[in-house]
Amino acid sequence: MNAPTIWIAFPIGVGILLLLISNQRVLSVLGGVIAFVLAVTAQFVPIELAMSVGGISLKIDSSLTVLGRTLLIQPAEGPLLALIYGAVALWFFGAEASKSANRLVPLGFMITALMVASIAVQPFLYAALFIEMAILLAIPMLTSMNRIPSKGITRFLIYQTLAMPFILLAGWLLGGVETSPGDLALAGQSASMLGLGFAFLLAIFPLYTWVPMLSEEVSPYILGFLLWILPTITIIFGAGFLDRYSWLRASPQLTIALRLAGLAMLVTGGLFAAFQRNLARILAYGAIVETGFSILALSVDLRLGIPILFLLIPSRALGLAVWSLSVTVIKEQVETMRFGATQGVLRILPFAGTGMIVAALSTGAFPLLAGFPARLALWESLGRESISAALWMAVGIVGLLVSAIRSLAVISMAEEYASWEPRESWTQRLMLGVGVIGLFVLGIFPQAIQHFLTNLPLMFEHLGR
Amino acid sequence: MALTISWIAVVIILITATGLLIVRDWRWSIILLAVQYLCMFILTLQHWPLGMASVKLVAGWMSAAILGMTRSNFAAQDFEETGIWPRGRLFRLFAAGMVLLIVSVVTPKVDTMMADAGYAVTGGSLLLIGLGLLHLGITSNILRVVIGLMTVLSGFEILYSTVEGSILVAALLAVINLGLALVGGYLLIASNTPDGVESE
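Line order of the protein sequences matches chains A and B.
Residues 581 to 1045 (our numbering) make up the first sequence, in order.
Residues 9 to 208 (our numbering) make up the second sequence, in order.
Put into structure tokens, the structure is as follows:
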């Protein structure tokens, strides 16, 4: 038995088998339980360490050789796998409430496995190929055969596909820089190529136009899942470049570029959200801002930035899950997601309305919510290095908070004598209720998840030390 | 001899990639795409053994077949384009000429970067990338978008084959090509659904 078989091949197989099931509840529960078991296994079963279970000696090998190359899951990556599959379990449990389990669970398993493969493959720059395969699987997840594909879908496909050639070529050029470090021109070319690749992949400003477009066109819950898993693992893959190449890590230009890119996403995302009049698009800008925070974390002192990057992951997963589920539930009950059509929905969808506002506030670093501890730490680290950058970060956060308050004003603007008539199903109420409580718990007791995050930086050889 | 064949392949690539920009009949597009994959195979052969280069040809032709078979199920209609940009054939030819000019200027520099892959190989791949990107820039038609992406990827694959000979990479790129064709087929079916809903 080896780790890549358990956390890559097995989930792909499960995903294929789950395509045969059409019952939403069965899919949601089965997918959630399997993902949870994978997470628990990753957290508590050591890799490359012999164990005795009932007299039988068991050892999970860390590598699997495929076509002359290796898929390698190191023992230090166990907590990361636990975090990823734990969050995937959360998304899958909520899939029934969003009525998207038949697409989200089977394809979600395959996409997650491919993203894990992108972290595991050696040489690591081949990751771009696995990410591209995940992108291709995301298309049938986003749109069904009886819906005319929108421009957002084609733009998503184009932008994400264009990333792969840039990253593969950059990887090859970076190898050249390693052998001749004095060649500044080559270093510049490879860094630009890498930057372009990640700009496409992470939808960095101004290449994120497909995100708000898609938010209006597809199921917000499915989009939320993709906007969580794709950038999260891509950023870890990107951090792998920094870990591998010391000249890249030490480059002050790269730090500036990362800071500018992160701030551009934060400020534009926050401001666009503040002036937006569509609840689904506000969710999209929220996800863009989340990616901005993660990129910004890579631009501060990496001894602090890497732990902050990992601290951002749970709050992003939970926040986006609650936000996108809430928007999905609201979308079922209204004609459009524009402010005009969603006035007063709090009276008929109190759980979804509350979930949306709390999740938006959490993304906007509102105190006592899940997003606050990581953002506070990031803000503090950024402020130590550049006051102006910290101020720009504040602009983005204020934009998000304004959008949350505007949304709250709109959904609570009911007619004077309108009564409270909750229309959410019991499953939706349960999932949203648990999610909102989780956002408070993570905000009030951030140390609760610290046990899982402490060892995560160990997966890098040089970063976070 | 091999060099002459490579240059002939480059000329054919110029014709096919430009042809893909201007033809309006989807059948011609599929034929041109298939010929383009043959030229890509010839250029890849300069650096890869026959067996591995054939993977690209087979995957490319299978992808073209998937797109062609899917498209043949729907009523015959020309590519319809809407938008604010000029989309006439003359404009496309002019734009293709600009790409050719840029490619001829940057080929020597890129060739040096890519470990002296050879002007024919570098030029051919850059032509595919440039004309593919141009194609993506002026269309929103699903079939054209997928063909544009395949053209860009073909160009990249030629260039990458000069520096990377891994079997795993060749296999994954073939899977991606086939996957792209399948996604294209899926989107084509969705866009031709009679009772299709515009968006959710």
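Just so you know, even glycine gets a beta-carbon here, dropped at the ideal spot from N, CA and C.
Just the Cα atoms here: how many angstroms apart are Leu-180 (chain B) and Gly-595 (chain A)? 20 Å
If we require 4 or more residues per run, which alpha helix (DSSP H) segments fall completely within the segment 583-625 of chain A? 590-598 and 604-624
Pairs of beta-carbons, one from the segment 783-796 of chain A and one from the segment 888-898 of chain A, closer than 8 Å: are there three or more? no
Would you kindly work out how many angstroms separate the C-alpha atoms of Ile-815 (chain A) and Thr-759 (chain A), rounded to a whole number? 26 Å
Residue range of the alpha helix (DSSP H) that Ile-691 (chain A) falls in? 681-700
Is it the case that the Cβ atoms of Thr-147 (chain B) and Thr-130 (chain B) are separated by a distance below 9 Å? no
Boundaries of the beta strand (DSSP E) in which Leu-647 (chain A) is found, first to last residue: Note, Leu-647 (chain A): premise wrong, no beta strand (DSSP E); not H, not E.
Beta carbon of Ile-985 (chain A) nearer than 9 Å to that of Gln-923 (chain A): no
Between Ile-197 (chain B) and chain A, is there a C-beta pair that is closer than 9 Å? yes
Would you tell me roughly how many angstroms separate the C-alpha atoms of Met-793 (chain A) and Leu-981 (chain A), rounded to the nearest one? 22 Å
For Ser-637 (chain A), the three-state DSSP class (helix, strand or coil): strand
Quick one: which chain B residues come within Cβ less than 9 Å of Gly-790 (chain A)? Note that residue 790 (chain A) corresponds to Trp in the displayed sequence, not to Gly. Chain B residues near Trp-790 (chain A): none, gap ~13 Å exceeds 9 Å.
Between the Cα of Gly-1013 (chain A) and those of A:Leu-905, A:Glu-1001, A:Leu-709 and A:Phe-919, spot the shortest distance and give me the residue it belongs to. A:Leu-905
Should Ala-104 (chain B) go down as buried or exposed, given a rule of 16 or more other Cβ atoms within 10 Å for buried? buried
Cα-Cα, which of B:Leu-135, B:Phe-102, B:Met-122 and B:Phe-99 is closest to Ser-112 (chain B)? B:Leu-135
Burial state of Asp-881 (chain A), where buried means 16 or more other Cβ atoms lie within 10 Å: exposed
Give me the DSSP bridge partner(s) of Met-631 (chain A). A:Leu-638
Using a Cβ cut-off of 8 Å, which residues of the segment 721-735 of chain A contact any Cβ in chain B, in chain order? Thr-723, Ser-724, Met-725, Asn-726, Arg-727, Ile-728, Pro-729, Ser-730, Lys-731, Ile-733 and Thr-734
Is Arg-649 (chain A) close to chain B, meaning its C-beta is less than 9 Å from at least one C-beta of that chain? yes
Neighbouring residues, chain A, relative to Ile-175 (chain B) (Cβ below 7 Å): Leu-647 and Gly-648
Counting along the chain, where does the alpha helix (DSSP H) carrying Ile-653 (chain A) start and finish? Taken as a continuous stretch (DSSP letters only), Ile-653 (chain A) belongs to no alpha helix (DSSP H), as it is neither H nor E.
Buried or exposed (CB count within 10 angstroms, at least 16 for buried), Glu-870 (chain A): buried
Is the segment 181-191 of chain B touching the segment 66-73 of chain B in the sense that three or more CB pairs, one from each, lie closer than 8 Å? yes
Distance CB(Val-137 (chain B))-CB(Pro-745 (chain A)) smaller than 9 Å: Correcting the residue identity first, residue 137 (chain B) is Ile in this sequence and not Val. Cβ atoms of Ile-137 (chain B) and Pro-745 (chain A): closer than 9 Å.
Determine the DSSP secondary structure at Arg-32 (chain B), reduced to helix, strand or coil. coil
Which value, in whole angstroms, describes the spacing of the CA atoms of Val-191 (chain B) and Ser-966 (chain A)? 45 Å
Please list the partners that Val-201 (chain B) has in chain A, where partner means a Cβ-to-Cβ separation under 8 Å. Note on identity: in this sequence residue 201 (chain B) is Thr, with Val being the wrong assignment. The contacting residues are Met-725, Asn-726, Arg-727 and Ile-728.
Tell me the residue span of the alpha helix (DSSP H) that contains Phe-821 (chain A). 800-824
For Tyr-801 (chain A), is the classification buried or exposed, using 16 other Cβ atoms within 10 angstroms of its Cβ as the cut-off for buried? buried
Mind pulling the chain B residues with CB within less than 7 Å of Met-713 (chain A)? Val-183, Ile-184 and Gly-187
Measuring only between beta-carbons, confirm whether Leu-135 (chain B) sits less than 9 Å from chain A. no
Tell me, which residues are paired with Asn-1035 (chain A) by DSSP? Answer by DSSP bridge pairing: none, since Asn-1035 (chain A) is not bridged.
Look up Asn-200 (chain B) in the DSSP assignment and say whether it is helix, strand or coil. coil
Whole-Å CB distance - Val-685 (chain A) paired with Gly-611 (chain A), under 8 Å assumed: 4 Å
Please state the DSSP three-state secondary structure of Arg-79 (chain B). helix
Among A:Phe-704, A:Gly-674, A:Leu-660 and A:Ala-743, whose alpha-carbon lies nearest the alpha-carbon of Gly-755 (chain A)? A:Phe-704
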